[in-house]
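**Student:** I'd like to ask some things about the structure below.
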């Protein structure tokens, strides 16, 4: 039986169809060829792949290299480092003491205004702060609470009165404080918190109340023990109108006695899964009165007579503007998580390069773990993702600095920054947890010992996935931005408009690092891509595949949600809920693309920090970027297959090719983790000190000498006799 | 342009091709139809889906229900439970004291022979032991070290002299002991350990030596502090021949003083990522002499004159036989991990059913977390997998009991048991970690507090993934068994033989629960499967898809490894390494199929434990099994697409259908976790006590009353005026 197919009308399957003409083993053959040497374009000379570790190390340090180096010198000091196994009270005390050391070393004031002794250096401040994770994540987060949240809220939500009155004590740690936003009943949905601050015209005071148990402030660092004040978020009520959530400076403890002030109560959150150097706790308020001027009034103010005013008319926009000023928490978690992933990989790859287990291809010599394909598969893609996350973080931090320094501080800039942070923080915090866990398992029983750091870091970083914005909630925010961008462009567009848009965009690249990347490729355009394995290595093919996925996912979801505006609120919510997983997947795809773009831009640059990259290093980094990009495509292979973007044969090649890349990068693994620049004083892992290599050498030498001396007993099995 | 395609010769694409005739929206339409009511076959009456929680609870308790219930009564006693935040020394002391309580309660002797006061009850022993995880995993593992490893080695590797001499002290805890197998240098590769036991004919003693640092015994429970003896694994050397690894009973400490005996030394492993109630440590030996009779001589003996003898001629088989007697460690970890996953889901689903966040479809009422699609997607598939793991564990435990009771104890039975344990333990231990983590994140900040148990359990269970056999190494063992079974059947088979075999097997089902499942379906047969979404619900379609995948993966790998026997050892090892990931994936697929079969058998049974299952409960469990089965297919969708087993359209339906199933099961979620039978005394999680529900009720009542009284301030945003 024969069927006639008109291929001109079925472009969507062209890729799969066209392949039938290809020799079936062509892909396998291509993969089996020896690694194609990279050649210099100008001279056609072969370029050897070799990493310039020193240069790459400097490149990874990024714009704020000096601050990072300084912070690393600090975290190398034992008195700032975590001691494993300290009890709760001792650990808290130690970390509070370490905060004082930071003050003494002038490490914590960079972000504050010059007028109060700071440096107005926002990017540098975060860069230095992130590195504290290598000493003790509790130290990082406790100083983040004091200066990054409590202090930053006074700075960004307050005005000069607050800066002059409160910042000096905050900066010097004379006034340790809590950032009292989250309540037992409301974490991600800050707008719905229950605490109220009601203005009393008679006394010109706010009265703070906790109306029910669910409105207790909860999980607050500095609340259980050290805090003498708090920036408290509450519904501002005046003249019987609720103007929404605002921030207030509220004293909570008598600094001299450590006792709660009248009307304030609380509880200790007790032991946690990690970060036990921080005294998280709960607070509640009963008729606590604070002066009118304690309202941090940059975005909303109360006159003496109780009249409310705000520079931002829309209560919704006002709320998001206030929260937006606190984006630095997410920015710094992105960087700190990436630093932790670097530490994990440096430990596991160093050990995997020394540890031997099982004789496979020899009678006597055991194999080095990292020579096993599976071990490569477990660690090399994580290494590639860590590089991607590192370069993406550098872009995020730069954007953050531009906004907060005022260099580029439009509404759009702020929105882009917030979307970028909301996209990258989920990926990097989850990646850190996965990497720490894979590293721990890859080190076997040794990985489970506290002396090798991995379990402690993992326990501490666990909560990074849900604080400063639950990762899923953040991805949902990103998705809403993508959908809204999409909606603005295509609100009334029919298919023809969309197709033209795609064709226009295919020519150039829209550099919009947080909104919808618009480099659209529809199915129509895609038949010609990735027709050979080699082509998958091309950055443009990877970009096309990754971008197309984001674009298509957003368009699909947008289409499904189209009826929502005409629906009742209840039905619209149900429709949205029915597609919630897809929505979040689209945001994740977008965030992955941003990481890939950042890696690619880092590779392609030739000026500034990138200047001086030699061809040999670029070859290694390009393989690593390819491993990241193709790894993403492999991870979502089902999507590419279901949407006809890759034929089955081609799809199989993707997996084979990432394996090949992992093997190709294997000899460079040590260089690539060495370039992270963390020394033994930062790793502090017994298995990454070379001790394993010594043990292996000693054992092999023992057997070698015994064999040479003829003292090694014969093996029963090699005698081949029945006992 | 037109192309002519001869479809008669391209059966592999028949599925994709055939679908073109189907209305494109047919799948979507079918999914959009209201849930089809289940009907009783005999009467066509509609069956309501409703779980008989009490009946299901009894069913889940399995064959050793009474022992489990007894153990749960015990773990409900506060003195046996973990206290969070104890220091290392206190925790160790507490757990050692708890072991004495177990002895006093007669909980630990079931597995030992009646001749020494035991009960010869192997399955019951493990069932009771597993439940200890709910009190404190340290208690479970420490008692596992004492009685399941140290004692069991004396029992299974020793003979009557050892039973009479050593077991009483071990059973009474008078002689706490270590299981000294692993060395710093060798974990998974036990055959390569360095410790030697050299027979001295002159004194009729063995001399124990640690030849180098890497041969120190390491990670041994009871070694740091409590152990006064050890079962030590060492290379047995006599007459200058090494007969391989054997076990010896070796005193290590003076019971009165707690000091090491002469020639013995050691170190504390210190703090670990979890299980800190156990005193893991290192041991080394320098010329330590033990009597000849301290060789545990069931599988290998030394005459007074130093002549070695063994009932098993092959050194390799002897070694694996010895190790095989210790399979119970893996069996019990499989059960304990599944118990921990049950605890995690009971906590997270109870909380997810009470916690509210964000108003979506209403102005005032917030949504219950479990009503969000994403929350369902995060928890419901994990619930399905936990049921699958639970039913699979019951089969494993039954098999274990049959072998160790002697009811079915052939070589094949033992091999099947070992393969089954090696297949299930990796899946269930990883599943427990993933479930604990997902539950922790699903509970947000509350999940991070020690008072809610999830972080502590996760920390403790972390090492389950790498001890008693690293999970990847175990899966590799399974794969080798699959390949060897395959090789036996098809060593010289050409394609025609294989095809006939497949057709033969397609008729009936080969029940071989650990070897290669042979229900082969080749591509040729597969065109007719899953042509509609509804069909995916059929057990036979799920079985076909899952079985086909295992079969095909094994056959593919076998084909690639075919040249190995003719290669040099080095080249063969390289070839094997080149396909290591595929090999392990095939084993994982096999293990997943075993879980699916166990779930399905549990559903289909009508006698014994299964008798009395009402139709309503069966409906719910069938949905849950479908969610598990289709979830596996979804997870490996790329494979099904690349191998032409599912068309793109059909593949998209799989994901939609698992979402639909999660939503359908959502109203039954609480029943399904309640059936696990763990009460508040086992959960001990503040968020799973109903406290959240009380808080939610209080908050909603507060707002309701205020609205009714007209005292709730108006919302600025609803006034719609500029402030």
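Residue numbers (the numbering used here), protein chains in the order written: chain Y, 141 to 863; chain L, 141 to 863. Backbone N, C-alpha and C define an ideal beta-carbon position, used for all residues, glycine too.
1) Any contact between the segment 586–605 of chain L and the segment 342–355 of chain L? By contact I mean 3 or more CB pairs, one from each, below 8 Å.
2) Residue 624 (chain L): which of L:611, L:578, L:679, L:705 sits nearest, CA to CA?
3) Residues of chain Y with a CB under 7 Å from the CB of residue 853 (chain L): which are they?
4) State whether the segment 363–374 of chain Y contacts the segment 310–317 of chain Y, with contact taken as three or more CB pairs (one from each stretch) at a distance under 8 Å.
5) Tell me the rounded alpha-carbon separation between residue 550 (chain Y) and residue 328 (chain Y).
6) Can you tell me where the beta strand (DSSP E) holding residue 95 (chain Y) begins and where it ends?
7) If we cut at 9 Å on Cβ distances, does residue 682 (chain L) have a partner in chain Y?
8) Can you give me the start and stop residues for the alpha helix (DSSP H) that residue 405 (chain L) sits inside?
9) Inspect the beta-carbon positions of residue 322 (chain L) and residue 282 (chain L) and report whether they are closer than 9 Å.
10) For a contact meaning CB atoms closer than 9 Å, what does residue 717 (chain Y) contact in chain L?
11) For residue 277 (chain Y), count the other beta carbons within 10 Å of its own beta carbon; 16 or more makes it buried, fewer makes it exposed. Which is it?
12) So the beta strand (DSSP E) residue 369 (chain Y) belongs to, where does it begin and stop?
13) Where does residue 338 (chain L) sit, in a helix, a strand or coil, going by DSSP?
14) Report the partner residues of residue 422 (chain Y) according to the DSSP bridge assignment.
15) Any C-beta of chain L sitting closer than 9 Å to the C-beta of residue 256 (chain Y)?
16) Which of the three DSSP states is assigned to residue 496 (chain Y) in this structure?
17) Is the separation between the beta-carbon of residue 362 (chain Y) and that of residue 425 (chain Y) shorter than 9 Å?
18) Using 10 angstroms around the beta-carbon of residue 541 (chain Y), count the other beta-carbons present and answer buried if the total reaches 16, otherwise exposed.
19) Output yes or no for whether 9 Å exceeds the beta carbon distance between residue 99 (chain L) and residue 525 (chain L).
20) Could you tell me which of Y:402, Y:413, Y:829, Y:335 sits nearest to residue 385 (chain Y), measuring between CA atoms?
21) If you pair each beta-carbon of the segment 425–438 of chain Y with each one of the segment 297–306 of chain Y, do three or more pairs fall below 8 Å?
22) Pick from Y:534, Y:782, Y:507, Y:543: whose alpha carbon is nearest that of residue 203 (chain Y)?
23) Report the rounded CA-to-CA distance for residue 245 (chain L) versus residue 600 (chain Y), giving the unit in angstroms.
24) What separation, rounded to the nearest whole angstrom, lies between the Cα atoms of residue 208 (chain L) and residue 265 (chain L)?
25) On the CB-based measure, 16 or more other CB atoms within 10 Å of its CB, does residue 284 (chain L) come out buried or exposed?
26) Evaluate residue 773 (chain L) with the Cβ neighbour count: other Cβ atoms within 10 Å of its Cβ, from every protein chain shown; 16 or more gives buried, anything less gives exposed.
27) From the beta carbon of residue 713 (chain L), is the nearest beta carbon of chain Y less than 9 Å away?
28) What is the DSSP secondary structure of residue 852 (chain Y), counted as helix, strand or coil?
29) Counting along the chain, where does the alpha helix (DSSP H) carrying residue 533 (chain Y) start and finish?
30) Compare the C-beta of residue 782 (chain L) against all C-beta atoms of chain Y and say whether one is closer than 9 Å.
31) Do residue 462 (chain L) and residue 801 (chain L) count as a contact pair if the criterion is CB distance below 9 Å?
32) In chain Y, which residues lie with their C-beta within 7 Å of the C-beta of residue 353 (chain L)?
33) Which residues, in chain order, does the segment 598–616 of chain L contribute to contact with chain Y at a C-beta distance below 8 Å?
34) Mind pulling the chain Y residues with CB within less than 7 Å of residue 324 (chain L)?
35) Residue range of the beta strand (DSSP E) that residue 386 (chain L) falls in?
36) Once DSSP output is grouped into helix, strand and coil, what is the label at residue 275 (chain L)?
**Tutor:** Taking the geometry as given:
1) With the cut-off at 8 Å, the segment 586–605 of chain L and the segment 342–355 of chain L do not touch.
2) Position 484 of the second chain holds residue 624 (chain L). Closest in alpha carbon position to residue 624 (chain L), among L:611, L:578, L:679, L:705, is L:705.
3) To locate residue 853 (chain L), count along the second chain from 1; it is residue 713. Within 7 Å Cβ-Cβ: 377, 380, 381, 382.
4) Counting Cβ pairs under 8 Å, three or more are found: they touch.
5) For the purposes of this step, residue 550 (chain Y) is taken as residue 410 along the first chain, with counting starting at 1. For the purposes of this step, residue 328 (chain Y) is taken as residue 188 along the first chain, with counting starting at 1. Computed Cα separation, rounded: 26 Å.
6) What the structure shows of chain Y is the stretch from 141 to 863, and residue 95 (chain Y) is not part of that stretch, so it cannot be assessed.
7) One-based indexing of the second chain puts residue 682 (chain L) at position 542. Using a CB distance cut-off of 9 Å, residue 682 (chain L) does not count as an interface residue toward chain Y.
8) Here residue 405 (chain L) is taken as the residue at index 265 of the second chain, counted from 1. It is not in any alpha helix (DSSP H) - residue 405 (chain L) instead sits in the beta strand (DSSP E) that spans 404–408.
9) Counted from its first residue, the second chain places residue 322 (chain L) at position 182. Counted from its first residue, the second chain places residue 282 (chain L) at position 142. Residue 322 (chain L) places its beta carbon 9 Å or farther from that of residue 282 (chain L).
10) Sequence index remark: in the first chain, residue 717 (chain Y) carries index 577 (1-based). Per Cβ cutoff of 9 Å: 500, 501, 507, 511, 512, 513, 514.
11) Your numbering for residue 277 (chain Y) matches position 137 in the first chain. Its Cβ being crowded by 16 or more others within 10 Å, residue 277 (chain Y) is buried.
12) Mapped onto the first chain, residue 369 (chain Y) falls at position 229. First-last of the beta strand (DSSP E) with residue 369 (chain Y): 369–378.
13) Residue 338 (chain L) sits at position 198 when you count from the first residue of the second chain. Annotated three-state conformation of residue 338 (chain L) is strand, per DSSP.
14) Translated into positions along the first chain, residue 422 (chain Y) becomes position 282. Residue pairing by DSSP places residue 422 (chain Y) opposite Y:407 in a beta bridge.
15) Within the first chain, numbered from 1, the residue matching residue 256 (chain Y) stands at position 116. No, no contact with chain L.
16) Within the first chain, numbered from 1, the residue matching residue 496 (chain Y) stands at position 356. In this structure, residue 496 (chain Y) counts as strand in the three-state DSSP scheme.
17) Your numbering for residue 362 (chain Y) matches position 222 in the first chain. Your numbering for residue 425 (chain Y) matches position 285 in the first chain. Taking 9 Å as the cut-off, the Cβ atoms of residue 362 (chain Y) and residue 425 (chain Y) do not count as close.
18) Residue mapping note: residue 541 (chain Y) aligns to position 401 of the first chain, counting from 1. Label assigned to residue 541 (chain Y): buried.
19) Nothing can be reported for residue 99 (chain L), as the shown portion of chain L is limited to 141 through 863.
20) Start at 1 with the first residue of the first chain, and residue 385 (chain Y) comes out as number 245. Nearest of Y:402, Y:413, Y:829, Y:335 to residue 385 (chain Y), Cα basis: Y:335.
21) By the C-beta criterion, the segment 425–438 of chain Y is judged to be in contact with the segment 297–306 of chain Y, since at least 3 inter-stretch pairs fall below 8 Å.
22) Along the first chain, one-based indexing puts residue 203 (chain Y) at 63. Residue nearest to residue 203 (chain Y) within the set Y:534, Y:782, Y:507, Y:543 is Y:534 (criterion: CA-CA distance).
23) Looking up residue 245 (chain L) in the second chain gives position 105. Looking up residue 600 (chain Y) in the first chain gives position 460. If you draw a straight line from the Cα of residue 245 (chain L) to the Cα of residue 600 (chain Y), it comes to about 38 Å.
24) Looking up residue 208 (chain L) in the second chain gives position 68. Looking up residue 265 (chain L) in the second chain gives position 125. Residue 208 (chain L) and residue 265 (chain L): Cα-Cα distance of roughly 10 Å.
25) Looking up residue 284 (chain L) in the second chain gives position 144. Buried, by the Cβ-count rule.
26) The residue you call residue 773 (chain L) lines up with position 633 of the second chain. Counting every other CB atom within 10 Å of its CB across the protein chains shown gives residue 773 (chain L) a total of 16 or more, marking it as buried.
27) Numbered from 1 along the second chain, position 573 holds the residue referred to as residue 713 (chain L). Among the CB atoms of chain Y, one or more fall inside 9 Å of the CB of residue 713 (chain L).
28) Working through the first chain from its first residue, we reach residue 852 (chain Y) at position 712. If DSSP states are grouped into helix, strand and coil, residue 852 (chain Y) belongs with coil.
29) What you label residue 533 (chain Y) is simply residue 393 of the first chain in a count that begins at 1. From DSSP, the alpha helix (DSSP H) with residue 533 (chain Y) extends over 513–545.
30) Sequence index remark: in the second chain, residue 782 (chain L) carries index 642 (1-based). Chain Y contact via Cβ: present.
31) The residue given as residue 801 (chain L) occupies position 661 in the second chain. The residue given as residue 462 (chain L) occupies position 322 in the second chain. Using a Cβ distance threshold of 9 Å, residue 801 (chain L) and residue 462 (chain L) do not count as a contacting pair.
32) Taking the second chain and counting its residues from 1, the one referred to as residue 353 (chain L) is at position 213. Think of a sphere of 7 Å around the beta carbon of residue 353 (chain L): the chain Y residues whose beta carbon falls inside it are 835, 838, in chain order.
33) Taking 8 Å as the upper bound on Cβ-Cβ separation, chain Y lies near residues 598, 599, 602, 603, 605, 606, 607, 610, 611, 612 of the segment 598–616 of chain L.
34) Against the second chain, residue 324 (chain L) aligns to sequence position 184. Ordered by position in chain Y, the residues that pass the 7 Å Cβ test against residue 324 (chain L) are 835.
35) Here residue 386 (chain L) corresponds to residue number 246 of the second chain, with the count starting at 1. For residue 386 (chain L), the enclosing beta strand (DSSP E) stretches over residues 381–391.
36) Taking the first residue of the second chain as position 1, residue 275 (chain L) is located at position 135. Residue state, collapsed to three classes: coil.
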